[in-house]
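Trainee: Questions regarding the structure given below will be posed in turn.
Protein chains: 2
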Amino acid sequence: MYKHILFATDLTEDTEYLLEKVRAMRNLTNAKLSLVHVVEPLPGYSYAYLGIEDIEGQLLTEARQSIEKFGDKLGIDKSNVFVEIGPTKTKILKVAEDTGTDLIICGSHGRHGLSLLLGSTANAILHGAKCDVLTVRLPEGA
Amino acid sequence: MYKHILFATDLTEDTEYLLEKVRAMRNLTNAKLSLVHVVEPLPGYSYAYLGIEDIEGQLLTEARQSIEKFGDKLGIDKSNVFVEIGPTKTKILKVAEDTGTDLIICGSHGRHGLSLLLGSTANAILHGAKCDVLTVRLPEGA
């Protein structure tokens, strides 16, 4: 049914819950699996006055370390793990197209709290995607 | 992975494309399958001056005939085919909860043309659902 699944993760703890769903869907479909996380760019001024240099570089490095742990748990080769910097929606959809993804999986909190962020990402993906999207409802309190 | 799938259909021709996806997902998961279509209520004035009586009743009857055809194609018992009248989002989510649905499948056109309607329904379902939602991207021009 699906040949290439792209799991868009925000690298929060909820990811553990999502990993189970992603694993189950991969097992059902025997699809290839890739992972993507997007670091949103910071406003265009320098943090050097705080003594922090290249904060985006640090964020990218940390994101790559985190996502590779998830990749290991899913047995995914590093070449199929993507960390991008830019607007979340645009970057996820670009990775989806570049990799020939036919199903994007992402989490959604509904409308409270952090959900405003996650919900809007899920929503943006849903509206822009050229492929199917599975939105996994995260448990309350997660 | 899923025990009960609810296919929310708008009963357009696209449904044929969606039926294939729904069938594939049911086969993969061995889930129970239900169907729902919602007729939006008409504005609260009478069409009697046009010689049309009980137009909502007619819409419901026609919707039930159409959806039962889809139900037959999927081998679904009539007791698992729902036609409701009311706000689309509320009614779909209520049927989902009443039936213990853990995956809602719906179509999405993206953002052009008819999509404004379909997109907003998919969107509303996505934000209100207490279960996972699979949004199937309909082919361009469908």
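Chains A and B are the protein sequences, given in the same order. The numbering used here puts the first residue of the first sequence at 1, with every later residue one more than the last. The numbering used here puts the first residue of the second sequence at 143, with every later residue one more than the last. Built from N, CA and C at the ideal position, the CB exists for glycine as well.
1. For Arg-206 of chain B, would you say it is in contact with chain A, using Cβ-to-Cβ distances shorter than 9 Å as the test?
2. Short of 7 Å Cβ to Cβ, which residues in the stretch 214 to 236 of chain B face chain E?
3. Quick check: is any heavy atom of the ligand SAH less than 8 Å from the C-beta of Gly-249 of chain B?
4. Quick one: does Val-178 of chain B have its CB under 9 Å from some CB of chain A?
5. Give the C-beta separation of Ile-143 of chain A and Leu-6 of chain A to the nearest angstrom, bearing in mind that I take them to be a contact with Cβ-Cβ under 8 Å.
6. Would you list the residues sitting across from Glu-198 of chain B in a DSSP beta bridge?
7. Return the CA-CA distance between Met-167 of chain B and Val-278 of chain B, expressed in angstroms with no decimal places.
8. For a contact meaning CB atoms closer than 8 Å, what does Thr-29 of chain A contact in chain B?
9. Since Leu-216 of chain B contacts Ile-267 of chain B with CB under 8 Å, what's their CB separation in whole angstroms?
10. Considering just the uninterrupted stretch of the beta strand (DSSP E) at Leu-160 of chain B, what are its terminal residues?
11. Whole-angstrom Cβ separation of Ala-96 of chain A and Ala-122 of chain A, contact assumed at under 8 Å?
12. Would you kindly work out how many angstroms separate the C-alpha atoms of Glu-210 of chain B and Leu-160 of chain B, rounded to a whole number?
13. The beta strand (DSSP E) spanning Asp-274 of chain B covers which residue range?
14. Starting from Ile-247 of chain B, follow the beta strand (DSSP E) in both directions and report where the run begins and ends.
15. Taking the alpha-carbon positions, what's the Val-180 of chain B to Gln-207 of chain B distance?
16. Can you list, in chain order, the residues of its chain whose CB lies under 6 Å from that of Asp-244 of chain B, leaving out five sequence neighbours each side?
17. Where do the ends of the beta strand (DSSP E) carrying Ala-150 of chain B lie?
18. Using a threshold of 9 Å, state whether the C-beta atoms of Leu-11 of chain A and Asn-80 of chain A are closer than that.
Mentor: To lay it out plainly:
1. no
2. Among the protein chains in the structure shown, which are A and B, there is no chain E.
3. Only the bare structure without any ligand can be found here, which leaves the ligand SAH out of the picture.
4. no
5. In the structure displayed, chain A extends from 1 to 142; residue 143 of chain A sits before or after that span and is not available.
6. According to DSSP, which records beta bridges pairwise, Glu-198 of chain B is partnered with nothing at all.
7. 11 Å
8. Leu-170
9. Not a contact, Cβ separation roughly 20 Å.
10. From DSSP, Leu-160 of chain B is part of no beta strand (DSSP E) but of the alpha helix (DSSP H) over 157 to 171.
11. Wrong, their Cβ atoms sit about 14 Å apart, outside the cutoff.
12. 16 Å
13. 274 to 279
14. 245 to 250
15. 13 Å
16. Tyr-144, Lys-145, His-146, Cys-273
17. 146 to 150
18. no
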